[in-house]
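Data first, discussion second: the structure below is written as structure tokens.
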Amino acid sequence: KLLEWRVYQWILMAAMFYNSLCMIDVVYNLPLLVVENVAVDSVMVAPLYRSTSLRDFWSHRWDQPIQSLFRDCVYVPLVHLLGLPRAAGVMGTFAISGLLHVYAVVLAGLYEWKLCA
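Counting from 20, one number per residue, gives the positions in the sequence shown under this note's numbering.
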């Protein structure tokens with residue numbers, strides 16, 4: 020019974036997380052559109068129902084601003100400035116992304132730091 024509740028809890032949390040990411044578009048874009056008539060690119064590009072593959076989901080549809088941030092602030096410096104191979108740039112970017120996800124989960128109070136070590 021407890022395991023069944025945990026599954027529902029995670030599904031609900033994932034749905035709320037996805038909804039909150041989609042709401043970022045509304046909260047951020049609406050004032051710019053109304054006041055300045057400026058259209059801003061969406062954070063998400065229909066990731067759940069228009070993705071044709073896992074690669075399409077992650078590289079073209081999911082969280083575009085974070086992808087740009089990680090590409091510009093992690094991948095490009097590792098590969099172009101330090102001269103590391105592309106695979107090292109990808110792994111470095113993946114590691115930084117993982118650390119930020121763990122940090123967010125700990126801040127949300129879902130786990131403690133000692134469990135993440």
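We put the CB at the ideal spot given by N, CA and C, even for glycine. Predicted model only: the values in this text are computed from it and were never measured.
Excluding the 5 residues flanking it on each side, residue 83 has same chain C-beta neighbours closer than 8 Å at 60, 61, 62, 63, 64, in chain order. Excluding residues up to 5 positions away in sequence, 112 lie with their Cβ nearer than 8 Å to the Cβ of residue 90 in the same chain. Taking C-beta atoms as the reference points, residue 97 and residue 108 count as a pair closer than 9 Å. For residue 84, the uninterrupted alpha helix (DSSP H) segment begins and ends at 83 to 89.
If only complete runs of 4 or more residues are kept, the segment 51 to 114 shows the alpha helix (DSSP H) at 66 to 69, 83 to 89, in order along the chain.
The alpha carbon of residue 57 has as its nearest neighbour, out of 29, 68, 44, the alpha carbon of 44. Distance between residue 27 and residue 36, taken at the CA atoms: about 14 Å.
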